[in-house]
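Participant: Structure below; questions to follow.
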Amino acid sequence: MHSPIITPAQMRAAEEAAFARGVLPEALMEEAGAGIARALEKFFPRPGRCIVFAGKGHNAGDAFVAARRLARAGWEIETRLIFPEAEMSALTKEKFRELQCGRGLCAPIATTSSLIGAQRPLPHCGTIILDGLLGLGARPPLREPIRAACREINSLRSRARVIAIDLPSGLDGDSGEADDDCVAADFTITVGCAKSGLVADSAIDFVGRLELVQLSELQAEAETDSGLATPEALRDLLPRRGYSAYKNQFGRIGLVAGSRGFTGAAIISSLGALRGGAGLVELFVPEEIYEIVATAAPPEVMVKPVKSYA
0 MHSPIITPAQ MRAAEEAAFA RGVLPEALME EAGAGIARAL EKFFPRPGRC
50 IVFAGKGHNA GDAFVAARRL ARAGWEIETR LIFPEAEMSA LTKEKFRELQ
100 CGRGLCAPIA TTSSLIGAQR PLPHCGTIIL DGLLGLGARP PLREPIRAAC
150 REINSLRSRA RVIAIDLPSG LDGDSGEADD DCVAADFTIT VGCAKSGLVA
200 DSAIDFVGRL ELVQLSELQA EAETDSGLAT PEALRDLLPR RGYSAYKNQF
250 GRIGLVAGSR GFTGAAIISS LGALRGGAGL VELFVPEEIY EIVATAAPPE
300 VMVKPVKSYA
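Numbering that gives the first Met the number 0 numbers the first residue of the sequence shown as 0 and each following residue consecutively.
Next up, the structure:
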């Protein structure tokens with residue numbers, strides 16, 4: 000399935016078109032939250048502790064839906080509200096209350112004044128932080144109290160994994176420009192389609208690994224043919240091999256690599272050749288490092304010593 004790379008404006012237009020067809024905002028939020036939860040369970044199959052940093056818009060609502068589903072799966076959920084509940088959008092407030100009514104909420108809701116420094120110590124593993132502060136409508140520069148919350152998230156990265164919902168707070172969804180205090184995510188789970196700012200070179204250190212949650216009712220139109228390379232989109236490029244096939248049918252690669260002190264170059268390049276789909280890989284290395292490379296290289300690689308590269 001093709002996944003176009005679109006601008007935030009195109010994403011909003013796609014959402015409005017869906018609403019015009021009778022799709023309810025709540026239905027999109029529930030589908031988005033369910034997809035986010037599935038992605039999180041793929042990354043982190045063992046239930047742990049999840050801290051939700053929430054703003055007041057639909058980005059926070061997506062995070063609440065995902066957290067509700069994680070709670071059902073045995074996760075320990077905490078929420079950090081950056082604004083009073085009364086300032087949330089109506090749908091976001093509804094999803095927050097549904098989360099509260101479910102099992103898994105183990106700590107009082109932090110208020111803006113108690114946010115910074117109020118958390119109990121984080122364990123060194125098993126904790127994830129959901130960045131549900133800002134959505135597509137926000138652009139740098141960050142303002143308080145969001146800026147303080149972003150700083151807090153970044154300060155906790157050494158003890159937890161940070162997952163941005165749709166895009167890291169503080170990142171421009173169009174250009175990829177980042178605020179000085181932009182959330183630096185380990186994973187970004189973007190909803191509907193990938194946004195142009197997420198794939199900009201300047202965004203790499205803030206986006207981390209990019210995962211896409213597609214929405215069945217969303218029909219986005221991009222101005223270009225560029226698209227996100229997802230496993231689903233690439234699957235047809237890697238057809239399954241027949242049972243009667245053998246290695247000589249899938250290409251042969253000869254590698255001349257490695258030297259004293261650089262054995263890793265030979266081993267890694269041979270592994271890359273295998274991962275690329277080559278059926279037969281021959282690795283030619285100097286005699287002086289043959290034993291080291293032959294022992295460490297993948298067993299499928301045919302390692303051969305040579306006296307000289309000349």
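Where is the CB? At the ideal position from N, CA and C, for every residue including glycine.
#1: State yes or no: is the C-beta of residue 292 within less than 8 Å of the C-beta of residue 284?
#2: If distances are taken between C-alpha atoms only, which option among 66, 24 and 15 comes closest to residue 90?
#3: If we ignore side chains and look at the alpha-carbon of each, how far apart do residue 259 and residue 286 end up?
#4: Can you give me the C-alpha to C-alpha distance between residue 301 and residue 280, rounded to a whole angstrom?
#5: Can you give the beta carbon distance from residue 198 to residue 149, rounded, assuming they're within the 8 Å contact cut?
#6: Quick one: what does DSSP say residue 135 is sitting in, helix, strand or coil?
#7: Between the beta-carbon of residue 168 and the beta-carbon of residue 132, is there less than 8 Å?
#8: Return the first residue and the last residue of the alpha helix (DSSP H) that residue 233 is part of.
#9: Quick test of your reading: residue 60 and residue 28, contact by CB under 8 Å. State the CB separation rounded to the nearest angstrom.
#10: Which one or two residues does DSSP pair with residue 161 in a beta bridge?
#11: Give the single residue among 204, 36, 180 and 175 whose Cα lies nearest to the Cα of residue 193.
#12: I need the DSSP call for residue 28, collapsed to helix, strand or coil.
#13: Specify the secondary structure class of residue 50 as computed by DSSP and reduced to three states.
#14: Among all the DSSP beta bridges, which residues are the ones paired with residue 177?
#15: Within 10 Å of its beta-carbon, does residue 49 have 16 or more other beta-carbons around it, so buried, or fewer, so exposed?
Facilitator: The structure says:
#1: Position 293 of the sequence shown, counted from the start, is the residue given in the question as residue 292. Position 285 of the sequence shown, counted from the start, is the residue given in the question as residue 284. Going by C-beta atoms, residue 292 is nearer than 8 Å to residue 284.
#2: In the sequence shown, residue 90 corresponds to position 91, counting from 1. It is 24 whose Cα lies nearest to the Cα of residue 90.
#3: Along the sequence shown, read from residue 1 onward, the residue named residue 259 stands at position 260. Along the sequence shown, read from residue 1 onward, the residue named residue 286 stands at position 287. Each residue's alpha carbon lies about 10 Å from the other.
#4: Translated into the one-based positions of the sequence shown, residue 301 becomes position 302. Translated into the one-based positions of the sequence shown, residue 280 becomes position 281. Distance between the alpha carbons of residue 301 and residue 280: 6 Å.
#5: Residue 198 sits at position 199 when you count from the first residue of the sequence shown. Residue 149 sits at position 150 when you count from the first residue of the sequence shown. Contact flag wrong, Cβ pair sits at about 21 Å.
#6: Within the sequence shown, the letter at position 136 stands for residue 135. It is coil, neither helix nor strand.
#7: Here residue 168 is taken as the residue at index 169 of the sequence shown, counted from 1. Here residue 132 is taken as the residue at index 133 of the sequence shown, counted from 1. Closer than 8 Å, so yes.
#8: The count along the sequence shown starts at 1 and reaches residue 233 at position 234. In the DSSP assignment, residue 233 falls within the unbroken alpha helix (DSSP H) covering 230 to 233.
#9: Here residue 60 corresponds to residue number 61 of the sequence shown, with the count starting at 1. Here residue 28 corresponds to residue number 29 of the sequence shown, with the count starting at 1. That pair is a contact at about 5 Å.
#10: Numbered from 1 along the sequence shown, position 162 holds the residue referred to as residue 161. Answer is 128.
#11: Translated into positions along the sequence shown, residue 193 becomes position 194. Checking every option, the nearest Cα to that of residue 193 belongs to 175.
#12: Translated into positions along the sequence shown, residue 28 becomes position 29. Looking at residue 28 - three-state DSSP - the assignment turns out to be helix.
#13: Counted from its first residue, the sequence shown places residue 50 at position 51. Three-state result, residue 50: strand.
#14: As a working note, residue 177 is residue 178 in the sequence shown. Beta-bridge pairing links residue 177 to 170.
#15: Within the sequence shown, residue 49 is the residue found at index 50, counting from 1. So residue 49 ends up on the buried side.
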